[in-house]
Structure formats: C-alpha cells, structure tokens
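Read through the structure below, which is laid out as structure tokens, and then see the notes.
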Amino acid sequence: MTIDTTIRPAESADLAAVRALLVETWHDTYDPLIGADKVREITDSWHSMENLTQQLSLPETAFLVAESEGHVIGHVFASAQKPPVLTIARLYVLPARQRQGIGKRLLDEVVGRYRGCTTVRLVVEEENVKGLAFYRREGFRSIGEAVVEGIKHLRMERPR
Ligand SMILES: CC(C)(COP(=O)(O)OP(=O)(O)OC[C@H]1O[C@@H](n2cnc3c(N)ncnc32)[C@H](O)[C@@H]1OP(=O)(O)O)[C@@H](O)C(=O)NCCC(=O)NCCS
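The sequence shown runs 527 to 686 under my numbering.
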C-alpha cells in the first residue's frame, strides 16, 4: 500500500478529477463487457458534473476521495439514507493504482463512518471479475440478482 495516500471527503474543487477518474475507470472496466459507446452514454449521464455536484451535498451520504500527491486516485460514494443499511453506490480506483490496498481503505473508511449501519449492500456487474473478487475477499456474499441499464448485476451484502 502506498503510504502517501489520504482518504478525505471530496470538495467541489475535486469534482472534475472525480469525473475524469470515473470515465477512465469505467472505460477500463466495462468497455470489454458492454462496449465503449454504452459506457460513454452511461458515464455522461450518471457522472455528469451536475449529478456529482448534487450528490456532494446529499444528507446521510459519504462522498470520499483517495488523494495521492495532489491527485485523485480513488473514490467511494455511499448512502446511509436507509439505516441500518449502508449502500455502496460507487467504489473506483484508477487502473494504474489498483491492487495497492486503496479500494480496501476507501471501503473501510466509509463503513467506519456509519457505525449505526449494521448491513452493507451493493450491486456489481456479474462479469466484473475485479469487482467481484474484491467484494468476495472483503466478505460480501451474493443475495440475488438485479438488472441495471439492461445489464445483469449481482446484489451483494455483508454485516458491517
Ligand atoms: C474493485 C476495486 C475498487 C478494488 O480496489 P483496489 O484498490 O484494486 O483493491 P485492493 O488493492 O484494496 O484489493 C485488491 C483485491 O481486489 C481484487 N482485484 C483488484 N484488481 C484485480 C485484478 N486486476 N484482478 C483480479 N482481482 C483484482 C482482488 O480481490 C484483490 O485481492 P488480491 O490481490 O488478494 O487478489 C478496483 O479494482 C476498481 O476500481 N475496479 C474497477 C471498478 C470496479 O469494479 N468497482 C467496483 C464495482 S462497483
């Protein structure tokens, strides 16, 4: 793990970098699964500056970044709006910085912020090998399926 990485709440000034991280990591992860055009369509909508700006100020949510040497290299967005469930809506680490422990630090930090939440949930694309391996390693188990944007996902859960 890189010792110079800080996990902190995002600020407005980070949002362009968060969007760039999401676009790069989405293409790297999902182009082979759903194609670059579909990825562009989804990220342009879900990760627009307008949406990110709105999400930054939602109550009972954590919008965090991992920062290294002034650069945003990871991001997690999670909601505790329906306690006792904490929902991980996004967890992304730049491809060049993956497998260095940053994803685990982001997950641990966000779970640690919501001690009243006893269950952690998320959905992950069922062919997303990295994501599935990561979540299984972190103790998540499949609790069913979901279809998001016409794409099959697994619903996963673990006790906090
Ligand atoms: C999933 C993700 C957030 C994990 O973050 P990370 O910083 O790479 O993870 P960590 O270094 O904390 O943990 C590493 C573990 O993640 C999984 N993993 C990460 N990269 C992987 C790869 N290239 N191949 C297979 N497993 C991988 C493995 O379980 C690995 O454990 P191992 O090294 O013991 O095999 C990151 O890989 C990522 O952004 N992936 C693309 C986006 C994504 O899938 N997000 C989650 C879906 S919502």
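Glycine is no exception: its CB is placed at the ideal position from the N, C-alpha and C atoms. Nothing here was measured: the structure is a model prediction, and the numbers come from that model.
Short of 7 Å in beta carbon distance, which residues of its chain neighbour residue i, apart from the five on each side in sequence? Order them along the chain.
i	result
E635	I533, L590
G665	R684
A546	none
V637	L612, V646, R686
R639	A588
Under 9 Å, do residue i and residue j count as touching if we go by C-beta distance?
i	j	result
E586	A606	yes
D540	P621	no
E675	K564	yes
V544	L578	yes
A592	I599	yes
Out of the options, state which residue places its alpha-carbon closest to the alpha-carbon of residue i.
i	options	result
L612	G642, H601, A592, G629	G642
K656	R639, W572, G629, Q580	G629
T531	A562, E550, V565, V619	V619
A672	L658, E651, Y661	E651
E537	E595, S583, I568	S583
A659	R625, V598, G561, R566	R625
K608	Q580, Q581, G561, T644	T644
R663	G627, I677, H679	G627
Since residue i is in the beta strand (DSSP E), which residue starts that stretch and which ends it?
i	result
G670	667–674
T644	Per DSSP, T644 belongs to no beta strand (DSSP E) and is neither H nor E.
R684	677–685
What residue range does the alpha helix (DSSP H) around residue i cover?
i	result
R662	655–663
Short of 6 Å in beta carbon distance, which residues of its chain neighbour residue i, apart from the five on each side in sequence? Order them along the chain.
i	result
V602	L590, L617, L632, V636
G670	R681
E556	According to the sequence shown, residue 556 is Tyr rather than Glu. Same-chain partners within the cutoff: V565.
L648	I614, M682
Excluding the five sequence neighbours on either side, which residues of its own chain have a C-beta within less than 8 Å of the C-beta of residue i, listed in chain order?
i	result
A542	M575
- Any beta strand (DSSP E) of 3 or more consecutive residues that is wholly inside the segment 556–640: 587–594, 597–608, 611–619
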